[in-house]
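J.:
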């Protein structure tokens with residue numbers, strides 16, 4: 004019996020080596036372990052044997068069955084792994100082939116700048132408000148201390164519709180609207196982004212239509228230093244934390260004192276270059292302390308309240324920030340231009 | 010304002026300041042400069058005397074000159090100017106000289122003749138032709154006979170000067186004068202201003218016998234007239250001509266030049282009338298509507314009653330504050346003049362100037378004039394005419410004066426200054442500012458009573474004084490703070506935020522935001538037009554293509570699409586969100602719109618042959634996605650009522666929400682665009698007004714759903730929406746969803762038929778559905794569709 008056992012084992016070793024596929028293996032399995040298989044054959048014709056012998060043969064054949072089954076299953080696992088691997092190899096793709104093009108658009112760069120500024124000012128407690136582009140002379144000029152025939156109106160040559168109605172030349176008109184609306188005279192902080200219009204012939208640096216964002220803060224004890232701090236926040240947000248802010252005296256009828264605001268050059272850092280024309284500074288906006296006449300006509304007692312206001316050109320910021328050389332590009336809307344703005348700039352803001 | 014350094018130095022010493030230091034210092038106190046330019050940058054120019062002249066042997070226009078360039082030293086110079094002649098004093102650029110434009114003068118030989126320099130014209134020295142006389146323009150400049158041989162020609166002509174051109178702010182009319190500039194610069198340098206000596210040596214006769222003044226309008230608060238006789242008109246001295254050129258004004262003759270010189274000096278425009286043609290009577294009045302005057306430039310001007318004129322008995326002789334009349338002009342043989350020094354209402358002058366002509370005079374009147382200077386200027390003119398035009402001044406002055414001469418005193422405290430600026434200035438700094446500006450100060454307790462000089466017409470309130478302090482002391486030390494206020498969270502105006510959400514969604518769906526011009530032309534205005542929107546037109550447009558305010562956004566988008574398609578940007582997916590303005594019953598009305606255009610391929614992978622081209626259903630999908638995003642689920646509907654013009658009549662839908670029309674989507678009409686562009690326009694105001702429920706969690710059903718398919722052959726004209734409505738009604742609440750998974754037209758079902766296959770999903774959120782229940786609904790649905798829409802069920 005033992006000899007037979009050894010012989011079967013040897014034969015199996017030989018047969019296993021011949022197995023190539025799972026089919027081969029299944030056949031082999033049936034041949035050895037099946038109902039009519041080699042092992043079963045071993046236990047046949049045991050009638051003449053004694054109980055002891057029967058027991059012994061039963062034990063040995065079970066042992067053998069176990070041993071064979073284990074060997075077969077080992078091979079089976081190996082074979083499966085191999086076949087799976089072959090399948091995967093056959094499924095190999097070239098990951099460098101081009102992807103499927105999905106359409107995703109983005110905001111216009113002017114909206115993008117406006118959005119960034121809005122977020123900043125909201126975070127500082129400002130409300131974002133809007134006002135009409137067809138404005139009345141009274142709000143656009145007169146109540147801003149610019150009576151009819153005031154020479155300062157020359158700087159803002161306007162598109163009139165009637166004697167009293169025009170396309171607003173500045174978002175400052177919203178200053179008046181906001182103050183008049185504020186019946187309870189609550190202190191407030193607002194920014195107002197929007198389109199504005201001036202009678203300029205369009206060229207690389209002039210546009211008859213452009214965007215502004217007006218800022219206005221009114222409370223007791225608002226100072227010029229507050230304006231400086233606020234504008235520094237803005238300059239840092241738009242052009243980086245290293246930027247410095249400088250005030251240069253100027254004149255706007257609706258602020259007193261009035262200042263043009265320069266930011267240290269974003270290209271050279273202040274050393275002087277072609278962008279800042281060697282001065283180290285770049286003019287970015289006009290600002291000042293709200294003129295007492297404006298506060299008074301809008302219902303805020305200038306003896307009690309003070310405020311600051313600023314107006315920033317969105318195109319100017321965008322041109323400086325992104326290096327755009329022609330203001331008309333904003334309104335041509337070439338998709339190759341717009342696609343430049345279809346990405347973020349990292350999360351650190 | 011072009012400021013000549015030499016002119017300035019007549020009134021204040023600024024020798025310690027270089028041109029650029031002075032310009033920068035002025036900029037930092039609020040007077041920005043635009044440019045710094047030398048009158049002439051030519052070097053090595055001497056005065057020469059032409060001793061001999063001969064024709065060039067090998068040229069028909071060149072001359073060979075023997076020129077004395079230093080006493081006793083004669084050199085040969087070849088000159089081609091037609092006006093060169095023996096005995097002239099001329100400007101000679103010697104070898105080594107550099108002329109403007111970097112032209113270097115060298116010794117040379119011209120057609121065989123040695124030439125040791127060049128005899129110059131004014132243009133060659135860099136003087137603009139607009140400042141030159143006709144003779145100067147035609148050839149070389151000829152100097153006076155007494156010009157000293159060998160001396161520096163540039164210095165002799167007083168061209169050794171620099172102009173700083175300032176871009177002044179509108180409030181500083183006082184700086185449109187060299188004396189005003191001197192005061193301003195004095196605030197920087199701390200030096201005092203010395204005013205010119207205007208003492209007249211001799212006065213004769215009585216002004217009453219020369220002219221009377223009658224002011225008949227309240228638009229002329231001050232009018233002064235004086236007379237000067239025995240004048241000799243000739244060229245002005247070199248210094249006077251050079252001052253004018255440096256200030257941007259062309260020299261004419263001594264008398265005219267003096268009027269301009271005094272205007273530059275004091276900022277007070279003067280007008281000189283020829284006494285012969287003016288007569289003895291001056292009337293200042295408003296013009297009569299339609300009245301005419303021929304101004305100095307020879308043009309006939311038609312006036313209105315808002316214009317102010319100076320008139321005699323015969324009619325207007327001068328358009329006040331803007332330009333003189335041709336009929337009373339000072340001429341070459343004028344001997345007696347009447348000088349006008351006056352103030353006219355700035356608003357009237359501004360209006361007249363805008364209509365007729367902006368002049369040096371009008372720009373000064375517009376910004377206001379200190380009446381003290383009106384008096385100073387007229388006396389100064391008399392004095393200069395006496396000195397430089399041999400004039401005899403007539404005694405006395407005719408005056409009409411309604412000005413109030415009250416002291417302008419403003420009270421201010423140190424606290425006022427520091428609480429507005431947020432900086433700690435000391436009393437010393439405040440008082441120093443006023444000292445520098447020549448403002449007189451009296452102290453009254455903690456108040457300073459500041460007397461503002463009369464020429465500072467821009468200072469009225471204490472904030473103006475605070476600005477002066479900030480300006481002169483500088484605010485380099487200004488700290489940076491943020492306003493300390495009650496802490497209130499900031500928020501967006503709600504419609505603004507709603508619009509932002511829509512923008513972001515459309516971008517996520519593949520569309521680029523564009524921004525277009527509001528102003529448009531008539532042709533674009535009528536594209537896709539909505540007749541209910543009556544366009545607003547500008548009163549005086551710059552051009553025909555920017556005449557109207559657009560009433561819709563689609564014409565702009567079509568231009569953008571065409572622009573991009575022409576540049577091979579083949580996939581165009583764009584939108585714009587903007588307000589439009591139009592008239593409704595004559596009133597300006599504002600509406601917020603969102604419009605889009607789509608053309609090309611929405612998604613693609615070419616090598617895999619996967620491609621979604623944009624068609625009506627893509628765009629509809631974008632919009633439905635947007636509506637779902639906005640929470641309008643089950644409330645929007647597409648129909649074909651009232652399709653606007655310029656859309657394809659059979660591929661366009663009107664969109665309603667809760668039965669209210671809110672916009673359109675469809676193909677652009679083939680006559681408008683040969684490309685199959687799809688467009689939509691939505692009324693943002695209406696979208697914003699739709700009330701939407703808050704987001705609530707919906708439990709996921711634990712029970713399985715059952716799916717059934719059915720397909721019908723229907724008449725072509727049957728609207729699938731109606732069939733779906735029938736199905737929904739028949740199935741009731743157990744119907745979870747309807748999908749259409751097949752659409753077929755073809756001969757084998759008949760040309761006027763279509764086959765549509767529906768996939769119905771049934772579900773009950775409370776229990777597991779049984780098949781019988783579903784079959785009952787399914788059969789009921791078939792019956793209803795068959796009955797209502799004449800549908801024929803195809804084999805299941």
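Residue numbers (the numbering used here), protein chains in the order written: chain A, 4 to 352; chain B, 10 to 805. From the three backbone atoms N, C-alpha and C, an ideal C-beta is built for every residue, glycine too.
(1) Taking only beta-carbon atoms, is residue 865(B) less than 8 Å away from chain A?
(2) So what's residue 800(B) in DSSP terms, helix, strand or just coil?
(3) Identify the contact partners of residue 373(B) in chain A, using a Cβ-Cβ distance below 9 Å as the criterion.
(4) With DSSP as the reference, label residue 88(B) as helix, strand or coil.
(5) Inspect the CB distances between the segment 72–79 of chain A and the segment 483–490 of chain B and report whether three or more fall short of 8 Å.
(6) Relative to chain A, which residues along the segment 684–716 of chain B have a C-beta separation below 8 Å, given in chain order?
(7) Classify residue 243(B) as helix, strand or coil using the three-state DSSP reduction.
(8) If I follow the unbroken alpha helix (DSSP H) through residue 68(A), where does it start and stop?
(9) Using a beta-carbon distance cut-off of less than 7 Å, what residues from the segment 260–284 of chain A approach chain B?
(10) I believe residue 544(B) touches residue 591(B) by the beta-carbon criterion, under 8 Å. Please report the beta-carbon distance rounded to the nearest angstrom.
(11) Between the alpha carbons of residue 176(A) and residue 310(A), how many angstroms are there, rounded?
(12) So is residue 616(B) buried or exposed if we call it buried at 16+ other beta carbons inside 10 Å?
(13) Ignore the nearest five residues each way along the sequence and tell me which others in residue 268(B)'s own chain have a CB closer than 6 Å to its CB.
(14) When we look at the beta-carbon of residue 23(B) and count the other beta-carbons within 10 Å, is it buried (16 or more) or exposed?
(15) If you measure from the beta carbon of residue 95(B) to each beta carbon in chain A, is any gap under 8 Å?
(16) Quick one: what's residue 721(B) bridged to in DSSP?
(17) At what residues does the beta strand (DSSP E) containing residue 150(A) begin and finish?
(18) Report the residue from 290(B), 324(B), 153(B), 323(B) whose alpha carbon sits nearest the alpha carbon of residue 244(B).
(19) Let's test the definition: count the other Cβ atoms within 10 Å of the Cβ of residue 269(A) and tell me whether it reaches 16, buried, or not, exposed.
(20) Interface residues of chain B around residue 331(A) at Cβ under 8 Å?
(21) I'd like the span of the alpha helix (DSSP H) that includes residue 511(B), first residue to last.
(22) Assign residue 112(A) to one of three DSSP states: helix, strand, or coil.
(23) If you draw a straight line from the C-alpha of residue 88(A) to the C-alpha of residue 566(B), how long is it?
(24) Verify whether the separation of the beta carbon atoms of residue 696(B) and residue 514(B) is less than 8 Å.
(25) Going straight from the alpha carbon of residue 134(A) to that of residue 170(A), what length do you get?
(26) Within 8 Å of any Cβ in chain B, is that where the Cβ of residue 131(A) sits?
(27) Would you list, in sequence order, the uninterrupted beta strand (DSSP E) runs of no fewer than 3 residues that lie entirely inside the segment 292–343 of chain A?
(28) Residue 335(A) and residue 526(B) look like a contact to me (Cβ under 8 Å); what is the Cβ gap, rounded to whole Å?
(29) On the DSSP letters alone, give me the boundaries of the alpha helix (DSSP H) that residue 140(A) sits inside.
(30) Using a Cβ-Cβ distance cut-off of 8 Å, determine whether residue 86(A) contacts chain B.
(31) First and last residue of the alpha helix (DSSP H) that includes residue 198(B)?
(32) Provide the residue(s) that pair with residue 310(B) in DSSP beta bridges, ordered along the chain.
(33) Could you name the residues of chain A that residue 555(B) contacts, counting a contact when the two beta carbons are closer than 8 Å?
(34) Taking only three categories from DSSP, how would you classify residue 595(B)?
(35) Using 8 Å as the limit for Cβ to Cβ distance, is residue 405(B) near chain A?
(36) Taking residue 326(B) as the reference, give the member of 170(B), 286(B), 227(B) with the closest Cα.
T.: Judging by the given coordinates:
(1) Within the shown structure, residues of chain B are numbered from 10 to 805, placing residue 865(B) beyond reach of any answer.
(2) It is coil, neither helix nor strand.
(3) Using a Cβ-Cβ cut-off of 9 Å, residue 373(B) is close to nothing in chain A; its nearest Cβ partner there is about 10 Å away.
(4) The answer is strand: DSSP assigns residue 88(B) an E or B state.
(5) Contact fails between the segment 72–79 of chain A and the segment 483–490 of chain B, because fewer than three Cβ pairs, one in each stretch, are under 8 Å apart.
(6) So the list is empty, because no residue satisfies the distance condition.
(7) The DSSP-derived three-state label of residue 243(B) is coil.
(8) Run containing residue 68(A): 54–93, per the alpha helix (DSSP H) assignment.
(9) Against chain B - using a Cβ distance shorter than 7 Å - the residues of the segment 260–284 of chain A are 260.
(10) With 8 Å as the limit, residue 544(B) and residue 591(B) qualify as a contact, their Cβ atoms being about 6 Å apart.
(11) A direct Cα-Cα distance of roughly 16 Å separates residue 176(A) from residue 310(A).
(12) Burial state of residue 616(B) is exposed, judged by a 10 Å Cβ sphere holding fewer than 16 other Cβ atoms.
(13) If we look at residue 268(B) and ignore the five residues flanking it on each side, its Cβ neighbours are 279, 281.
(14) Counting C-beta atoms within 10 angstroms of its own C-beta, residue 23(B) has 16 or more neighbours from the protein chains shown and is therefore classed as buried.
(15) Interface flag for residue 95(B) against chain A is unset, since no Cβ pair is found closer than 8 Å.
(16) 765(B), 802(B), per the DSSP bridge assignment.
(17) First-last for residue 150(A): undefined, no H or E at that position.
(18) Closest by C-alpha distance to residue 244(B), out of 290(B), 324(B), 153(B), 323(B), is 153(B).
(19) When all chains shown are included, residue 269(A) counts as buried.
(20) Chain B residues near residue 331(A): none, gap ~10 Å exceeds 8 Å.
(21) Note, residue 511(B): alpha helix (DSSP H), 503–517.
(22) It is helical.
(23) Cα-Cα distance, rounded: 55 Å.
(24) The answer is no: Cβ separation not under 8 Å.
(25) Looking at the two C-alpha atoms, the distance is approximately 12 Å.
(26) Yes, contact with chain B.
(27) The segment 292–343 of chain A contains these whole beta strand (DSSP E) runs: 309–316.
(28) Wrong, their Cβ atoms sit about 10 Å apart, outside the cutoff.
(29) 140–143 is the extent of the alpha helix (DSSP H) around residue 140(A).
(30) Taking Cβ atoms only, chain B never reaches closer than 8 Å to residue 86(A), which makes this a no.
(31) Unbroken alpha helix (DSSP H) run through residue 198(B): 187–198.
(32) Answer is 302(B), bridged to residue 310(B).
(33) Those within 8 Å of residue 555(B) in chain A are 211.
(34) If DSSP states are grouped into helix, strand and coil, residue 595(B) belongs with coil.
(35) Chain A contact via Cβ: absent.
(36) Out of 170(B), 286(B), 227(B), 286(B) has the C-alpha closest to the C-alpha of residue 326(B).
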